[in-house]
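So the protein lines, in turn, are chains R and E. Quick note on numbering: the first sequence equals residues 921 to 1052 in our numbering. Quick note on numbering: the second sequence equals residues 921 to 1052 in our numbering. Cβ coordinates follow ideal geometry from the N, Cα and C atoms, glycine included.
2 protein chains.
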Amino acid sequence: MDIGEVARRSGFRASALRYYEREGLIRSLGRKGLRRQYAPEVVERLALIALGRTAGLTLEEIRGMLTGGWRPRVDRGLLAARAEALDAQIRRMTALRDGLRHAAACRAPDHLECPTFRRLLGIAVARRGGAG
Amino acid sequence: MDIGEVARRSGFRASALRYYEREGLIRSLGRKGLRRQYAPEVVERLALIALGRTAGLTLEEIRGMLTGGWRPRVDRGLLAARAEALDAQIRRMTALRDGLRHAAACRAPDHLECPTFRRLLGIAVARRGGAG
DNA sequence: GTACAACTTGAAGTTGACTTCAAGTCAAGG
DNA sequence: CCTTGACTTGAAGTCAACTTCAAGTTGTAC
């Protein structure tokens, strides 16, 4: 496949695909003349990259997770660690989501004054005279 | 409080605090000579900003959520919409987390070949001859 | 065989969120 | 009064992740 075809199928722009190739996230099979030729599987790989991106991962992190095809071994410990880091972020985002949902419903003049909001977000700042 | 004190208490650098002030995320009470003076409440506000940042929100988005103190009204619809967007991202991240956890345990040579992995990540790419 | 759309490259530009730098100001302690 | 370290400013630099641009090449349809 030409890069344009991959772009159409994956939703990434050709410039992004070239960038990903430079960065080692995808590979082309070779060239037809000047033009890069891609295997169809690259589209799945790109779907995974897209998922990682929308999940807020950096390309560096995604590259650490992608092993498919050309890298022989998976570092299972690394994958598990990534999963845990992701889980921590999911918890933070969940707290924020719940805080926002509460804020959308609460009538307190300032959310920072609302105990429910504060508890949801885990904001535990001493009001006065805290020794730490 | 001097900016240095706020920096110590919030974990942000002074340069970040000045930047946030320029961008309208925080306010100082005024100046003592040249020096900005901050109310203690700014530390809570910064904790909220930090939470939003680690949750992957942009400063722009965070500013849209922060109303505390000087902005009179909360746009509840906006807050609810933010919560929903966050929820969508949480779902994507959860899918990815579960995919990673599976990948860390699975013995398939390539995760993209593993039906469990594919299902978890929702990768539904036609293997061959897809007409769309 | 020629037109042209689709590709190629390297370099530079963009955006968000800051940091760093140079040069200058000033509050507080001695 | 003087020193000093924490502050001030605007401008420029940095990083990730691309995009855009200019100039050049080429596969392919006609």
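Quick check on residue i: does DSSP put it in helix, strand or coil?
i: R/R1012; result: helix
i: R/G931; result: coil
i: E/G984; result: helix
i: E/G1019; result: helix
i: E/E943; result: coil
i: E/L977; result: coil
i: E/A1028; result: coil
i: E/T1036; result: helix
i: R/D922; result: coil
i: E/D1007; result: helix
i: R/P992; result: Per-residue confidence for R/P992 stands at a pLDDT of 44, beneath the threshold of 50, marking its modelled position as unreliable; the derived number appears in the next sentence. R/P992 falls in the coil class under three-state DSSP.
Which first and last residues belong to the alpha helix (DSSP H) in which residue i is found?
i: E/G1042; result: Taken as a continuous stretch (DSSP letters only), E/G1042 belongs to no alpha helix (DSSP H), as it is neither H nor E.
i: R/G972; result: V962 to T974
Rounded to the nearest angstrom, what separates residue i and residue j at their Cα positions?
i: R/E961; j: R/L986; result: 13 angstroms
i: R/T1014; j: E/S948; result: 30 angstroms
i: R/G1019; j: R/I1043; result: 11 angstroms
i: E/E1033; j: R/L937; result: 23 angstroms
i: R/G950; j: R/I923; result: 12 angstroms
i: R/G931; j: E/A1008; result: 19 angstroms
i: R/L1040; j: E/L945; result: 21 angstroms
i: E/R965; j: E/Y940; result: 11 angstroms
i: R/G976; j: R/D995; result: 21 angstroms
i: E/R1002; j: R/R1017; result: 8 angstroms
i: E/L971; j: R/R1012; result: 7 angstroms
i: R/G1050; j: E/R929; result: Residue confidence is low: R/G1050 scores 33 on pLDDT, short of 50, so the model does not pin down where it sits. Its coordinate-derived value is still stated next. Answer to the nearest angstrom: the Cα atoms are 12 angstroms apart.
i: E/E925; j: R/L954; result: 59 angstroms
i: R/L979; j: R/P1035; result: 39 angstroms
i: E/R1027; j: R/A1000; result: 14 angstroms
i: E/I969; j: E/R983; result: 9 angstroms
i: E/E943; j: E/A959; result: 18 angstroms
i: E/R1021; j: E/R1038; result: 13 angstroms
i: R/R906; j: R/I1010; result: Residue numbering for chain R in the displayed model covers 921 to 1052; residue 906 of chain R lies beyond these limits and cannot be assessed.
i: E/S935; j: E/E981; result: 20 angstroms
i: E/R956; j: R/Q957; result: 58 angstroms
i: R/R973; j: E/V963; result: 31 angstroms
i: R/A967; j: E/K952; result: 55 angstroms
i: E/A1005; j: R/A1023; result: 15 angstroms
i: R/D1030; j: E/L998; result: 16 angstroms
i: R/K921; j: R/A1025; result: As written in the sequence, residue 921 of chain R is Met, which differs from the Lys given in the question. If you take the alpha carbons of R/M921 and R/A1025, they lie about 52 angstroms apart.
Identify the residues that DSSP records as bridge partners of residue i: which are they?
i: E/G950; result: E/Q957
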